[in-house]
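Here's the structure we're looking at; comments come further down.
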Amino acid sequence: GESVGLHLPTLSVQEGDNSIINCAYSNSASDYFIWYKQESGKGPQFIIDIRSNMDKRQGQRVTVLLNKTVKHLSLQIAATQPGDSAVYFCAETGGYQKVTFGIGTKLQVIP
Amino acid sequence: DTEVTQTPKHLVMGMTNKKSLKCEQHMGHRAMYWYKQKAKKPPELMFVYSYEKLSINESVPSRFSPECPNSSLLNLHLHALQPEDSALYLCASSQGQGEGGQPQHFGDGTRLSIL
Numbered sequence: 758g759e760s761v762g763l764h765l766p767t768l769s770v771q772e773g774d775n776s777i778i779n780c781a782y783s784n785s786a787s788d789y790f791i792w793y794k795q796e797s798g799k800g801p802q803f804i805i806d807i808r809s810n811m812d813k814r815q816g817q818r819v820t821v822l823l824n825k826t827v828k829h830l831s832l833q834i835a836a837t838q839p840g841d842s843a844v845y846f847c848a849e850t851g852g853y854q855k856v857t858f859g860i861g862t863k864l865q866v867i868p
Numbered sequence: 009d010t011e012v013t014q015t016p017k018h019l020v021m022g023m024t025n026k027k028s029l030k031c032e033q034h035m036g037h038r039a040m041y042w043y044k045q046k047a048k049k050p051p052e053l054m055f056v057y058s059y060e061k062l063s064i065n066e067s068v069p070s071r072f073s074p075e076c077p078n079s080s081l082l083n084l085h086l087h088a089l090q091p092e093d094s095a096l097y098l099c100a101s102s103q104g105q106g107e108g109g110q111p112q113h114f115g116d117g118t119r120l121s122i123l
């Protein structure tokens with residue numbers, strides 16, 4: 758299930774299940790969106806991106822959905838694995854090179 | 009291994025010290041970034057360099073001074089920092105100005121502690 762702690766929302770999923778991580782963005786002028794994965798002690802790692810002229814994009818085991826009407830972005834991870842445990846950030850670009858990160862969601866995979 | 013290299017990995021300094029953080033990339037990227045990240049928080053943009061010129065300064069205090077000596081290197085000079093400046097400092101790079109946004113490649117950061 759999903760819980761919102763004092764600082765970081767956490768999503769716990771069983772290994773092998775699908776995960777859905779949600780993100781609300783604030784700038785209706787944003788035209789480029791990215792999902793990053795950040796493991797403990799590491800910098801953010803690019804997962805997948807999507808431009809505002811699309812509403813869905815698929816990668817290897819990941820899918821990003823964009824709903825511009827409600828300013829909502831989601832990341833779907835198929836067949837979640839222990840190695841997927843990390844903090845996931847959505848990021849939006851509304852202007853030249855200026856990237857704003859969402860608050861992040863911690864994904865915990867239960868073996 | 010990340011393609012953006014940051015040194016040092018850890019830094020402890022007093023409030024009166026002067027130190028520098030370094031970042032290097034050899035991907036031919038022309039935009040480089042500094043971010044600050046506090047624990048359990050998202051990265052916050054500090055500076056952007058585009059083609060070796062400062063293009064964005066997010067109202068960062070002057071005790072942080074960025075420098076871009078060439079297209080592969082980015083420094084962050086630190087002086088008279090405060091305890092609240094303790095954080096993870098991340099460097100990133102991207103291809104540069106182009107049509108729409110581009111993904112950024114991040115280093116693993118320098119963990120800075122101010123005594």
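Protein chains in written order, with my numbering: chain A, 758 to 868; chain B, 9 to 123.
No residue lacks a Cβ here, since even glycine has one placed at the ideal position from N, Cα and C.
| Check | Outcome |
| --- | --- |
| Within-8 Å CB hit, residue 760/A to chain B | Low local confidence applies: a pLDDT of 40 at residue 760/A is under 50, so the model's placement there is unreliable, and no value is given. |
| Members of the segment 47-69 of chain B near chain A, C-beta cut-off 9 Å | 47, 48, 49, 50, 51, 52, 53, 56, 58, 63, 64, 66 |
| Which listed residue (809/A, 774/A, 778/A) has its alpha carbon closest to that of residue 860/A | 778/A |
| Local conformation of residue 18/B per DSSP, three classes | strand |
| Per-residue contacts from residue 850/A into chain B (C-beta, under 7 Å) | 109 |
| Where the beta strand (DSSP E) through residue 863/A begins and ends | 862-867 |
| Integer-rounded CB distance, given that residue 57/B should sit under 8 Å from residue 76/B | 4 Å |
| Status (buried if at least 16 other CB within 10 Å, exposed otherwise) for residue 59/B | exposed |
| Members of the segment 23-41 of chain B that neighbour chain A once the beta carbon cut-off is set at 7 Å | 39 |
| Proximity below 8 Å, CB of residue 23/B to CB of residue 86/B | no |
| Beta-bridge partners of residue 806/A, as assigned by DSSP | 791/A |
| Bounding residues of the beta strand (DSSP E) (the contiguous stretch that carries residue 767/A) | 766-771 |
| Residue interval of the beta strand (DSSP E) (run including residue 68/B) | Note, residue 68/B: premise wrong, no beta strand (DSSP E); not H, not E. |
| Three-pair Cβ contact test at 8 Å for the segment 803-811 of chain A versus the segment 784-795 of chain A | yes |
| Residue 762/A, buried or exposed, once every other Cβ within 10 Å from all chains shown has been counted against 16 | Low per-residue confidence applies at residue 762/A: pLDDT is 41, beneath 50, and the placement is therefore not dependable, though the value from the model is reported in the following sentence. Its Cβ having fewer than 16 others within 10 Å, residue 762/A is exposed. |
| Residue 56/B - partner residues in DSSP beta bridges | 41/B, 64/B |
| Buried or exposed by the 16-neighbour rule on C-beta atoms within 10 Å, applied to residue 812/A | exposed |
| Burial state of residue 863/A (16 or more Cβ within 10 Å) | buried |
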